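S.K.: If you scroll down you'll find the structure; I have some questions about it.
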C-alpha cells in the first residue's frame, strides 16, 4: 500500500515568494496532520483535520500560514509570503480513529523547505 | 553566529547489545503511547504502540514498557543492529483528543559495529 505522499521533496525559494506544500494521505484515513521540524524546536504540530474539516490550528505560526483539505485525498499547506525563519522540514501524517481509540499516525518523508 | 539547536540525548551501544531508550511523559490522562524511529532524511516511522490498560507490549525485537505510576515509557531493542541507528521519539495522546500526539524531544541511538 502507498504511504503518505508529499511533494515536493525539496523546495528552495526566495523570501517573499508563495510556497505550497502538498500531501496525499493514506487512503481511508480520516485524520490528516501537518508538522514542522527544526533543530531549534523539534517536531511541532501545526494543524490537523478530521474528515477534511480543520479541528485545531493553534499551532499555525501566524496568518502567513494556511492549510486546506478540499477532499479526503489531498491537502495543501501554503506560506505567503515566505520568510527565512520558515525554513524547516514539513511533514504530513495521516491516521484512522476506530471506536474512539486512535491509531498510529503514519508520516510522509517530508518537504525540506529553504527560504533564502 | 552559530545557532543553538536541541541537544538530543544520545545513546551509544555496541552491535548485538540490547538498547533501552527512556521517555517521561507529561499528562497523567494520556492513554495511548507510541514510539517512532526517524532516520536521516525520512519521516518518523511507527515502531510500536501501547494503550494505558497495558504495562508491556512486544513486537519483533522491540518491547515497550509503560509505568503509569511514574509516567515513564521505555523502548527496549534486542540485539541492536547498525540499521537501528536513528532518532527515537515517544509520543502520547489522550483519548478523544482527535488523534493529536504530543512528541518528546527524541533520543539519538548510535550503534557501533
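Residue numbers (the working numbering), protein chains in the order written: chain W, 103 to 218; chain R, 805 to 917. Even glycine gets a Cβ: it sits at the ideal position worked out from N, Cα and C. Bear in mind the structure is a predicted one, so any value in this text is a computation, not a measurement.
1) Which value, in whole angstroms, describes the spacing of the CA atoms of residue 109(W) and residue 180(W)?
2) Indicate whether at least one CB of chain W lies closer than 8 Å to the CB of residue 846(R).
3) Need the endpoints of the beta strand (DSSP E) that residue 112(W) sits in, please.
4) Leaving out five residues on either side along the sequence, give the residues of the same chain with a beta carbon under 8 Å from the beta carbon of residue 805(R).
5) Check the Cβ of residue 147(W) against every Cβ in chain R and list those closer than 9 Å, keeping chain order.
6) For residue 821(R), count neighbouring Cβ atoms within 10 angstroms of its own Cβ and tell me buried if that reaches 16, exposed if not.
7) Please list the residues of the region 132 to 157 of chain W that have a C-beta atom closer than 7 Å to any C-beta atom in chain R, keeping them in chain order.
8) Would you tell me roughly how many angstroms separate the C-alpha atoms of residue 904(R) and residue 157(W), rounded to the nearest one?
9) Per DSSP, which one or two residues make a beta bridge with residue 146(W)?
10) Count the other C-beta atoms from every protein chain shown that fall within 10 angstroms of the C-beta of residue 888(R), then say buried if there are 16 or more, exposed otherwise.
11) Compute the Euclidean distance between the alpha carbons of residue 145(W) and residue 162(W), then round it to the nearest angstrom.
12) Flag residue 910(R) as yes if its beta-carbon sits less than 8 Å from any beta-carbon of chain W, otherwise no.
13) How long is the line joining the alpha carbons of residue 171(W) and residue 841(R), rounded to whole angstroms?
14) Looking only at DSSP bridge pairs, what is residue 156(W) linked to?
M.R.: For this structure:
1) If you number the first chain from 1, residue 109(W) lands on position 7. If you number the first chain from 1, residue 180(W) lands on position 78. Approximately 12 Å, taken between the alpha carbons.
2) If you number the second chain from 1, residue 846(R) lands on position 42. Judged by the 8 Å Cβ criterion, residue 846(R) is in contact with chain W.
3) Counting from one through the first chain, the residue named residue 112(W) turns up at place 10. Here the beta strand (DSSP E) through residue 112(W) covers 112 to 115.
4) Along the second chain, one-based indexing puts residue 805(R) at 1. Note that residue 805(R) scores 37 on pLDDT, short of 50, meaning its location in the model is unreliable; the coordinates nonetheless yield the value given after this. If you ignore the 5 residues before and after residue 805(R), its C-beta comes within less than 8 Å of no other C-beta in its own chain.
5) Within the first chain, numbered from 1, the residue matching residue 147(W) stands at position 45. What residue 147(W) touches in chain R: 904, 905, 906 and 907.
6) The sequence position of residue 821(R) within the second chain is 17, counting from 1. Label assigned to residue 821(R): exposed.
7) Those residues of the region 132 to 157 of chain W that come within reach of chain R (Cβ to Cβ, closer than 7 Å) are 133, 141, 142, 144, 145, 147, 150, 152 and 157.
8) Position 100 of the second chain, counted from the first residue, corresponds to residue 904(R). Position 55 of the first chain, counted from the first residue, corresponds to residue 157(W). Roughly 10 Å between the two C-alpha positions.
9) Translated into the one-based positions of the first chain, residue 146(W) becomes position 44. In DSSP, residue 146(W) forms a bridge with 138(W).
10) Taking the second chain and counting its residues from 1, one reaches residue 888(R) at position 84. By the neighbour-count rule (16 or more Cβ atoms within 10 Å), residue 888(R) is buried.
11) Reading the first chain from its first residue, position 43 is the one you call residue 145(W). Reading the first chain from its first residue, position 60 is the one you call residue 162(W). Rounded to whole angstroms, the gap between the alpha carbons of residue 145(W) and residue 162(W) is 13 Å.
12) In the second chain, the residue the question calls residue 910(R) occupies position 106. Output row for residue 910(R): interface = yes.
13) In the first chain, counting from the first residue as 1, residue 171(W) sits at position 69. In the second chain, counting from the first residue as 1, residue 841(R) sits at position 37. Going from the Cα of residue 171(W) to the Cα of residue 841(R) covers about 27 Å.
14) In the first chain, the residue the question calls residue 156(W) occupies position 54. Its beta-bridge partners are 151(W).
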